[in-house]
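> One structure follows; several queries about it will come next.
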Amino acid sequence: MDEKSKVTLHGTWASTYSKRVEIALKLKGILYEYVEEDLKNKTESLIQLNPVHKKIPVLVHDVKPVAESLVILEYIDETWQKSPRLLPEDPYERAQVRFWVSYINQQVFEVMSRVIFQEGEAQAKSVEEARERLKVLEDGLKKHFPNKIIRENDDVGLLEIIIIATFGAHKVYHEAIGVEIVDPANTPTLYNWIERLQELPVMKDVELPRDRLVNLLQSYRQKHLQQAANA
């Protein structure tokens, strides 16, 4: 592969945002080089590639950087127009996918992230809020995607990528912090989508290592709680 056509992804192993891009690249069968970044000691390359936010992920294609996970995903879909297509052809269906992706990004992911670093009453309140927002997502999936079937790579699009990258490790989070948010009783449609997606070989290729993730979550949690106690 010559330098001009080379594809490189700068990310971190535990990042939901990096995982989104990895999944898309593998679904499309795009060969790429992966560069693991240490966000506590950012490389000069990362800063130069993404001077605005100085964050991962960054995709480099044709020696040109593209930043922000959702921007990267649409860039991938428009550049490599082969199956599976990440966004539907129908304008209304495409709008619905973008709406629920935005909802997960802005309404669900943020409150779920708070749960990791809280305890007691504050955590219980955030858990309840997360469950309420997930119920809205559950109802949206039932209403707008009632006939969704996930059996192979071609059944995976942008919304499915966001769902598996965001919620795919929910059982590991339960193990690490003792809180269950996604469950088959309250969000059966979402739970089923996750289960079906996890059965695809491409998802197993990018699955986060359980023990390593548990240790990371518990370490982050203890450090944050200790800092809060000493504040």
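So in the numbering used here, the last spot in the sequence shown is 245, and the numbers never skip. Heads up, the beta-carbon is just placed ideally off N, CA and C, and yes, glycines get one too. On a predicted model such as this, the values are computed, not experimentally measured, just so you know.
DSSP state of Tyr-46, grouped into three classes?
Along the sequence shown, one-based indexing puts residue 46 at 32. Coil, per DSSP.
> Bridge partners of Gly-171, per DSSP?
Taking the sequence shown and counting its residues from 1, the one referred to as residue 171 is at position 157. Looking at the DSSP output, Gly-171 bridges to nothing.
> Terminal residues of the continuous alpha helix (DSSP H) containing Leu-23?
The sequence position of residue 23 within the sequence shown is 9, counting from 1. Here Leu-23 belongs to no alpha helix (DSSP H); instead the beta strand (DSSP E) covers 21–25.
> Starting from the N-terminal side, write out each stretch of the alpha helix (DSSP H) that is 4 residues or longer and does not extend beyond the stretch 187–215.
Qualifying alpha helix (DSSP H) stretches, in chain order: 202–212.
> Check whether the stretch 54–73 touches the stretch 204–219, counting contact only when three or more Cβ pairs, one atom from each stretch, lie closer than 8 Å.
no
> Over the uninterrupted alpha helix (DSSP H) stretch that includes Lys-78, give me the two end residues.
As a working mapping, residue 78 is identified with position 64 in the sequence shown. Boundaries around Lys-78 are those of the beta strand (DSSP E), 78–81, since no alpha helix (DSSP H) includes it.
> Within 10 angstroms of its Cβ, does Gly-134 collect 16 or more other Cβ (buried), or is it exposed?
For the purposes of this step, residue 134 is taken as the residue at position 120 of the sequence shown. Exposed, since its Cβ has fewer than 16 Cβ neighbours within 10 Å.
> Checking 8 Å against the spacing of the C-beta atoms, do Val-49 and Thr-22 come in under that value?
Here residue 49 refers to the residue found at position 35 when the sequence shown is read from its first residue. Here residue 22 refers to the residue found at position 8 when the sequence shown is read from its first residue. Cβ distance < 8 Å, so Val-49 and Thr-22 count as in contact.
> Taking Val-111 as part of the alpha helix (DSSP H), name the residues at either end of that continuous run.
On the sequence shown, position 97 is the one that residue 111 refers to. From DSSP, the alpha helix (DSSP H) with Val-111 extends over 105–117.
> For Lys-33, does the three-state DSSP call read helix, strand or coil?
Position 19 of the sequence shown holds residue 33. Helix.
> What do you reckon, are the CB atoms on Val-186 and Glu-36 nearer than 8 Å?
Translated into positions along the sequence shown, residue 186 becomes position 172. Translated into positions along the sequence shown, residue 36 becomes position 22. The answer is no: Cβ separation not under 8 Å.
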